[in-house]
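> When you line the sequence shown up against my numbering, it's residues 651 to 716, in that order.
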Amino acid sequence: LARAQGVPIYLVHGALDFLFPVHLAQFARDTLLAHGAALEYRELPELSHTYPRSENVRILDWFERL
């Protein structure tokens, strides 16, 4: 985890995910932040284990800000 310092990470997770419960994503978020990762965390309350195409715009904007 020492290598996470300053690493840009975009983490998106559905709050209704049945395969990987949201508390695991929250644990990853908290752990990465505690080790200095440059984390962008998005928790989508209406989604389960899926990836919304609408997130692509946000991710591309995030990349441009790097």
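Think of the CB as a built atom: it goes at the ideal place given N, C-alpha and C, for glycine as much as any other residue.
Output yes or no for whether 8 Å exceeds the beta carbon distance between L669 and H699.
Cβ atoms of L669 and H699: closer than 8 Å.
> Can L716 and H685 be called in contact, C-beta distance under 8 Å?
Contact flag unset, no.
> Tell me which residue opens and which closes the alpha helix (DSSP H) that H673 is part of.
Here the alpha helix (DSSP H) through H673 covers V672 to A684.
> Just to check my reading of the structure: G664 and L697 have Cβ atoms closer than 8 Å, yes? What is that Cβ distance to the nearest angstrom?
So it is a contact: roughly 3 Å between Cβ atoms.
> Span of the beta strand (DSSP E) holding V662?
Where V662 is concerned, the enclosing beta strand (DSSP E) stretches over P658 to G664.
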